[in-house]
Amino acid sequence: KAKEQEMSEASAKEEYDIADRLQDQIDEFEQKAEAELKLVNSLEDWKSQLEERIRNVKTSFVAQQRADVEKLAYLAMKVQTERETFVETCEGEIKQAKAELANRQREIDENEQGIKSKLCESTAKFETVTRKVDDELLPYTKKLGKLEDSIATVDKAINELEKLLKQRIDQKHSLEEKKSEVTEIIKSIYKRHDMEIERAKDFKERFERKIMVNEEYKEDLSREIEALRIKEQDYEQQLANFDSELSGISKLTKDIRTKLRQEEIELEC
Numbered sequence: 005k006a007k008e009q010e011m012s013e014a015s016a017k018e019e020y021d022i023a024d025r026l027q028d029q030i031d032e033f034e035q036k037a038e039a040e041l042k043l044v045n046s047l048e049d050w051k052s053q054l055e056e057r058i059r060n061v062k063t064s065f066v067a068q069q070r071a072d073v074e075k076l077a078y079l080a081m082k083v084q085t086e087r088e089t090f091v092e093t094c095e096g097e098i099k100q101a102k103a104e105l106a107n108r109q110r111e112i113d114e115n116e117q118g119i120k121s122k123l124c125e126s127t128a129k130f131e132t133v134t135r136k137v138d139d140e141l142l143p144y145t146k147k148l149g150k151l152e153d154s155i156a157t158v159d160k161a162i163n164e165l166e167k168l169l170k171q172r173i174d175q176k177h178s179l180e181e182k183k184s185e186v187t188e189i190i191k192s193i194y195k196r197h198d199m200e201i202e203r204a205k206d207f208k209e210r211f212e213r214k215i216m217v218n219e220e221y222k223e224d225l226s227r228e229i230e231a232l233r234i235k236e237q238d239y240e241q242q243l244a245n246f247d248s249e250l251s252g253i254s255k256l257t258k259d260i261r262t263k264l265r266q267e268e269i270e271l272e273c
């Protein structure tokens, strides 16, 4: 208005040049004001669009977070089910394996006691039979030695006493017949006890072999017990992994729900 008044005054004074410049300045000012007004309106529109986009993004984010929470809840339920199935299966297998190993251990111990008892009996019987044979052979063995000494003495006497040759030869024949009789007695003793000796020896060797087999069973059982211990360790490790995974999922679900509540509060504001 001041400029218009000045222009009017200038016009009145016929200062046309000044009035024209002032008019140009007024027109330029009005154009700038109009441009700034359009810019303000454009900024207002952009602000409205931006606010709408922010609301849409927040709404989409909240919906996505809710979907993620549902997925995590389903995943947690699935992992929990797998964990329960795993625990039920592995615990059943381990319990059954322990029971079987305990039964086998008990059977091996019982068999070992029986085998050791039989071995002791067989060994004692073998020693008894051996002593019995030795006792029966002892007098005949001594007698055989004496007869052999007598034969040697007779042989020497034959060489020294030719005049007694016939008598000594007869005596030798008599002694040899006695020797044969004693030899036959010894053979009959061996023959009479031969099967008993072999049977006692077989029993002894048989139970010695059973002892060796039982030791092998014990070694196999020890290896299976060690394998079961390793399986138990693996089961405990997998169970810990399941628990850790469930804990992580629970924490992540809690964090997302907390953040979701904050976003809903901000969206309402």
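The working numbering numbers the first residue of the sequence shown as 5 and each following residue consecutively.
Note that CB positions come from ideal geometry on N, CA and C, so glycine has one too.
Bear in mind the structure is a predicted one, so any value in this text is a computation, not a measurement.
Asked, Found
"Where Asp126 falls, given that 16 or more other Cβ within 10 Å makes a residue buried", "A small fix is needed here, since residue 126 is Ser in this sequence, not Asp. Counting Cβ neighbours within 10 Å, Ser126 comes out buried, since at least 16 surround it."
"Beta-carbon proximity check, Ser287 vs Ala80, cutoff 9 Å", "In this structure the chain extends from 5 to 273, so residue 287 is not present and cannot be described."
"Local Cβ density within 10 Å of Gln266, reported as buried at 16 or more and exposed below that", "exposed"
"Candidates Lys120, Asn60 and Lys129: closest to Arg203 by CA position", "Lys129"
"Beta-carbon proximity list for Val133, same chain, < 7 Å, skipping 5 on both sides", "His197, Glu200, Ile201 and Ala204"
"Three CB pairs or more closer than 8 Å across the region 147 to 154 and the region 180 to 188", "yes"
"Through-space distance from Lys120 to Ser91, alpha-carbon basis", "Looking at the sequence shown, residue 91 is not Ser but Val. Rounded to whole angstroms, Val91 to Lys120 spans 42 Å at the Cα level."
"Three-state secondary structure assigned by DSSP to Ile253", "helix"
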